[in-house]
Amino acid sequence: IAANDGFAFALESFVELMNHAIISWDNLEPKFIGKIALQVNSSNLSSADKKELIHSLAILESIVISSTKFNVLVEAEVTLPNLIYLVSQNQHNQEIQQNSIALINALFSKSDLSKRKAMAATLSSKHIRNVILTNVLNPRIGVGADSSGQTYNVGSEMAHQLYVLQTLLFNLHEERMNSVVNTSNE
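Numbering (the working numbering), first residue to last: -5 to 180.
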């Protein structure tokens, strides 16, 4: 164990303890959430910092999912462009990408309709689709081959997070999908 891994292990332990629901996520201090968000927003990452980043993303996701009062704080501290940046800059660290997309999913699902529509517009842009295609779905050694014979191994948890993201985006169109078609409109 390296001396600089201590904070990463502390964050990992914190996640494990909080996931046992002994203490509510609502009991956290906003200052603590700000420090965790700062870990996510830092861009120069050593290997120890990457472990800290993985656990910081997991903490923020759990806060968004489980807390009733800190969603807005997390949303203000960690923006969608920052999370997309993490996805684009960590193509060799699928756990960072996976946790970034999981946090995007959590923020998306807890946002009001107008914020969800704004997030959907951003996520549906050609640039963001290309980031996901080239950095997440890029050719990897593993299972499943496409028509060119290249293999892709996204991993089951990443596949699940991408499925959740796709479902959240499609669900925005549910009202329109269930409406009656007006044949006089073209």
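We put the beta carbon where it would ideally sit given N, CA and C, even for glycine. None of the values given here were measured: they were computed from a predicted structure.
Going by alpha carbons, who is nearest to residue i out of the options?
i, options, result
"ALA115", "LEU159, SER7 and SER61", "LEU159"
"ASN65", "GLN85, SER119, GLN88 and ILE98", "ILE98"
"VAL148", "LEU163, LEU166, HIS167 and THR128", "THR128"
Using the rule of at least 16 other Cβ atoms within 10 Å of the residue's Cβ for burial, across every protein chain shown, is residue i buried or exposed?
i, result
"MET190", "Only positions -5 to 180 of the chain appear in this structure, which leaves residue 190 out of reach."
"GLU10", "exposed"
"ALA96", "buried"
"LEU101", "buried"
"LYS45", "buried"
"ALA15", "exposed"
So, with DSSP's three-state summary, where would you put residue i?
i, result
"GLY28", "helix"
"VAL148", "coil"
"GLN92", "helix"
"THR116", "helix"
"ALA153", "helix"
On the premise that residue j lies in contact with residue i, defined as a C-beta separation below 8 Å, what is that separation, rounded to the nearest angstrom?
i, j, result
"VAL34", "LEU54", "7 Å"
"ASP(-1)", "LYS63", "Between LYS63 and ASP(-1) the Cβ distance is about 32 Å, and since that is not below 8 Å, they are no contact."
At a cut-off of 6 Å, is residue i close to the ligand PLP when judged by its beta-carbon and the heavy atoms of the ligand?
i, result
"MET152", "With respect to small molecules bound, the structure shown includes none, and the ligand PLP cannot be examined in it."
Original post:
Taking one C-beta from the stretch 100 to 120 and one from the stretch 171 to 180 each time, how about it: are there three or more such pairs within less than 8 Å?
Top reply: Too few Cβ pairs lie closer than 8 Å, so no.
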